[in-house]
Amino acid sequence: MIVHDLPAGSLDIQCLTIPEYISEKWCQYLVHSVIELVTEEFKSSILLLDSLVKAERIRASCCHVEGQTLRIRVFLLNKTTLMPHAPMLHAQNLIQFVDKLDLCPEKFNGASFKSDAVLRQPTLCNMAPKDLLDIFIHMPSPSTAYDTLQDVDPDVLDLLNTVLDQDSPPGMKTTLYPYQKRSLWKILQRELAPQPISGLTSAKCQAVDGRPYYINLLTCQTQTQPDKHRDVRGGIICEDMGTGKTCICLSTILQSKHMKIPSDGKGVKCDIGSKESFPSLTNLATAQMLRDGTWKLYQPYLPDHILKLMRDNPAYYDRVEYPMSVLVDRPRRVNIPQRTLKVYMASATLVVVPDNLIAQWTGEVYKHIQDGELDFLVLDNKKQPIPPATQLLNYDMVVISHSRFGLESDSGGLEIVGISRKCDCPYIGATRKRDCSCRTIDDPSERYISPLLQVHWKRLIVDEGHSLADSNRSSQLSAKLFVTWKWVCTGTPTQNLTESPVALTRKQAQADDLKRLGILVSNVLNMEPFASKKRSWNTILLNPFMHSNPRASIAVAKLMHRVMIRNRREDISKDVTLPELNKKLVFLDFDYYQWMAHNCQVAMVALNAVLSRREGPDYLFSRGNQKALRETIHNLWQSCLWHSIDPQWLQPAYDNCVEKIDDIDKGLTTYGEEDNNALKEIRDVLLRALNDKLFLAMMTTHSPSYLISNLPDIPRRKWGWLNGQPGIYVENGVPARHAIVSGETVTDITAEVINSHQATDNLWVYDETEDRLETMAQHNRKRKLPHMSGGNEVQEPVPRPLAFIGKSDLYNANVYSTTSSKINYLVNQVKNCHETEKCIIFSQHWNEIQEIYTALRLVRVRAMMYLDSKMSNTERSQTILTFNTSDKVNVIIMSVQVAAYGIDLSSASRVYFVSPVWQTAMEQQAIKRAHRIGQTKPVYVETIVIRSSIEENMLKRRAMLAIKAEKQHNGKASSSKEFYNDRKMQEILNHASFVPLPRTARETGEGEDLNVQQEIDPFDEPVALVKPDNKVDHEAIGLNPPPSVTIEDPPLPSPTLHPEEPHRAKRTKVSFQLP
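Per the working numbering, the very first residue in the sequence shown carries number 933; after that it's consecutive.
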């Protein structure tokens, strides 16, 4: 119902001068008459007033009150005609202006009434939520209140009652927790009994006389009743990680497996008896059962010929799509042929899951569902076609991977109206005309239509559906399907909605989250008016919310509470108690050589900051150097486990530093007292590194080195750095008899042993003449090469003194330790518990994953790597399945970034973070891979931190941000996706913050007489380099071999310190110019 003129309120404004036509009596307000006369504070209000008067949405009168005060009273006009331009924008302006008005009746009716009190709209007095995180955290758990339901079918009420009373749906092994039952109840209620909603398209206001009225946000009309419409049949299942979202989804499918399929007036047909003038009662009943979709429930009681009749004649409807030209062109005398698509009604649920979760969904079915109770099909092979639509009708659930689903769209299978897709055929010569070989879509026989599009699915579930908000294309693909109920299943509906105190701290993050939520609501769930009016989300909700409009905040909160299904943690804890979670930080000291490499990295960053004076294009932290900054800081971060610095950068940096110090001493320049002293520290760090030949040799490879004891003399000299020098390591104060061998060499040694067949086989040969140790394969190849001299005559090689080394010669050699304290700690921890507990090792760098994997293989611990970007879908799924089910594989190494979401690793009870994770939300997600429902053991989480390094500074800064965010909790605290973009962290990195000498190392002397000793940090149990029985070696090394890692290097020649060594893998390096 449209209302007539409503007394909206009055507004007192301050003017510089009062216009002459205005007196103490009410007179008509003239547009643009006072805009130049009011003070700056009220100009925005007058601009709104003028625009609304011109748009004929309001009328206004004004009078002079006292002094320079002008009072304007406003009436809302009745306008039945729609506004020709921007009605949603005018509606927002109208609401904004109404909220500024004073509802005091005395001021509205009496021109001379004076009062400082202002009576605002009641909505503005309510406590509106401040931000999205506040809304998400305080979102109530699903309520099962029947008294709030309207117009619900009695059968539906009985079903909802059954959900709460039973332990689990029929056919399910697992007993549901009470909170899972409440979620299931809410899902079914939204599907079967959607309730009328109001408030999205109308804003409630109050007139001066107390009457309520509503402003239509789409048409800018004033109404006495709000617009109401049915809620969407679906929503967002955003239960916390590890609370059993997959189990809830499976219980929903089972509970509604035999439920009647809503037709929604689609004109469902059945061909049984359609050609008969008087169809039999059997045919009539059969056709009705097919149209209802309930016939599978009665299969055991139906005769075979009826079942065959039903399978051969599935129910369907004709989908008619009109080409766009028909809709927009002028009327035609000749009807354009309409394309129709036969869409079959199915009782099946389509589940779209990430590629790496296919095996997990399959495992969950076998875990929770009784055999034979759920017929399901898995589609993840891109090379196999999808079965015909009539075959898909036989399943209760079809699981398809994201990539396989996207392939259907790429092939044009999800287009049914003949809209031309993008042609990627090559051009003809130098012309802009394409040599098109695309299949025509005008010929129905040639046009491919995906079977997924020929089925009207009962339900669509998109697992880890937050990805739909990342890409409009993905959400559009799901919108093309014909579905009755749609659900997005995710623990994080948008990337910043998490209860981590640092997760949502920037205003831009809220805008991004709202935009993502808008994509899910409009493109995926098809909620009106956002689905049909693409700009309405931004105009009605996003922009007002970002301007702190309380009405928008309340509207967003209501929408999220209604659409999202999430149980609060405190409510879940009442129903289920997870095993104890133990978290601790483990602080370690650097190994000496690891310490030097790290400090050299710090020196390079600090030298750049000092010499560039922290400004200009050469400064590493300038905007134009973001790529170099990212790679440099990540190299510095990786050096906390191990990362080599190119020796060829050290000497130029040292020379540059010494030159600047000389200039400072001569008074030619200065960088300030602090930076002048920093240059001297940098010089000392670089000089120490340049004077250590063993350190420079170790820096020529990217991997850490291993300490190996009891090697025979020749292998010790040829495999060890600098002819087998022991370095600074001592054992109980006495120099140990060991060699420091590169990781690549140790890997090559073990590979040779594994490939040998007999213990007596000779594996290496030493040529005393050339002082060269090589494998037998290399030696034999050289012997087979013919040395031609004149014609075809072959000269026999001159015999040389050779020494042969076999596997048995290495039986006494032991791998004692590594040059990385983190790897030493991880090896000891994993070896102590891997036989009885499963372990997850989370890293944030690919190089670290490979180094840890190599170390575990060398100590004969069976481990698997989960490399999301380097493994196929099948390999990723098989890796997770093997880890969860195999008793022989108890260690998995994963990247935090790609493995923190969606994967169930509840079989593991030990979690190790190789380094601190800057984003607390990501860390929590990673921990929840193990600490979740299904876990039966206490979970122990350890984060390894190098003392006094960038890692400890990162932890301190993260804790400060968390405390600040908890105090403010208003989105004003500063945080960044990458820790090196944080200002405080940049200040730390900008100034030379060298790590002090490790506590395990001792120094004597200075300069060239400097002597350093460090006690070996050995493995708890030294590991034999070669075992007499190499079966274990085959098992440990043959599982999940590491893929080749592509690592780049600057185009500079590396110094050859070991001429006899084979070609080594290169290191990731970053070059930046020193001023």
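Every residue gets a Cβ at the ideal spot worked out from N, C-alpha and C, and that includes glycine.
- Judged by their CB atoms, Phe1951 and Tyr1844 are not nearer to each other than the 9 Å cut-off.
- Considering only Gly1166, Asp1303, Ile1169, Tyr1145, the residue with the shortest C-alpha distance to Pro1158 is Tyr1145.
- A distance below 6 Å between beta-carbons, with the five flanking residues on each side excluded, links Leu1788 to the following residues of its chain, in chain order: Ala1795.
- For the pair of segments examined, the segment 1445-1452 was found to touch the segment 1465-1475: the number of CB pairs separated by less than 8 Å reaches three.
- DSSP, reduced to helix, strand and coil, places Thr1322 within a helical segment of the structure shown.
- The DSSP-derived three-state label of Gly1167 is strand.
- Under the 8 Å Cβ criterion, the segment 1132-1143 does not count as touching the segment 1504-1522, having fewer than three qualifying pairs.
- DSSP places Ser1827 in no alpha helix (DSSP H) but in the uninterrupted beta strand (DSSP E) bounded by 1823-1827.
- One thing to note: His1670 has its Cβ within 9 Å of the Cβ of Tyr1748.
- Ranked by how close their Cα comes to the Cα of Leu1065, the residues Thr1814, Ser1753, Gln1082, Gln1442 have Gln1442 in first place.
- Leu1517 carries a strand assignment under DSSP once its states are collapsed to helix, strand and coil.
- Residues of the same chain with a CB within less than 8 Å of the CB of Arg1615, apart from the 5 flanking positions on each side, are Tyr1586, Cys1589, Val1590, Ile1593 in chain order.
- Contact between Arg1842 and Glu1953 does not hold, since their C-beta atoms are separated by about 18 Å, which reaches or exceeds 8 Å.
- DSSP, reduced to helix, strand and coil, places Asp1034 within a strand of the structure shown.
- In the same chain as Ile1859, and ignoring 5 residues on each side of it, the C-beta atoms closer than 7 Å to its own belong to Val1843, Val1873, in chain order.
- If you draw a straight line from the Cα of Lys1207 to the Cα of Asn1215, it is about 11 Å long.
- Taking a C-beta distance under 9 Å as the contact criterion, Leu1611 and Ile1596 qualify as a contact pair.
- The C-alpha of Gln1440 is placed about 38 Å away from the C-alpha of Lys1390.
- In the three-state reduction of the DSSP assignment, Phe1627 falls in the helix class.
- Put simply, the backbone Cα of Lys1118 is about 47 Å away from that of Lys1763.
- Buried is the label assigned to Leu1035, since at least 16 other Cβ atoms lie within 10 Å of its Cβ.
- Fully enclosed beta strand (DSSP E) runs of no fewer than 3 residues occupy 1746-1750, 1770-1775, 1795-1798 of the segment 1743-1817, in order along the chain.
- For Pro1658, the number of other beta carbons within 10 angstroms of its own is at least 16, and it is reported as buried.
- For Ile967, no beta strand (DSSP E) encloses it, and the DSSP letter there is neither H nor E.
- The alpha helix (DSSP H) runs lying completely inside the segment 970-998 and spanning 4 residues or more are 975-986, given in chain order.
- Under the three-state reduction of DSSP output, Ile1672 falls in the strand class.
- DSSP places Thr1875 within a strand segment (E or B) once states are collapsed to three.
- Residue pairing by DSSP puts Met1104 in a beta bridge opposite Ile1301.
- Cβ neighbours of Leu1014 within its own chain (closer than 7 Å, five residues either side excluded): Thr1151.
- Residue pairing by DSSP places Ile945 opposite Leu1002 in a beta bridge.
- Cβ neighbours of Thr1322 within its own chain (closer than 8 Å, five residues either side excluded): Pro1246, Tyr1276.
- In this structure, Trp1419 sits away from Gly1225, with a CB-CB distance that is not shorter than 9 Å.
- Contact between the segment 1017-1033 and the segment 1167-1182 is absent: fewer than 3 CB-CB pairs across the two stretches fall below 8 Å.
- In the DSSP assignment, Leu1339 falls within the alpha helix (DSSP H) that extends over 1334-1342.
- CA-to-CA, the gap between Gln1761 and Asp1507 works out to about 34 Å.
- The criterion of a C-beta distance shorter than 9 Å is not satisfied by Lys1201 and Asp1163.
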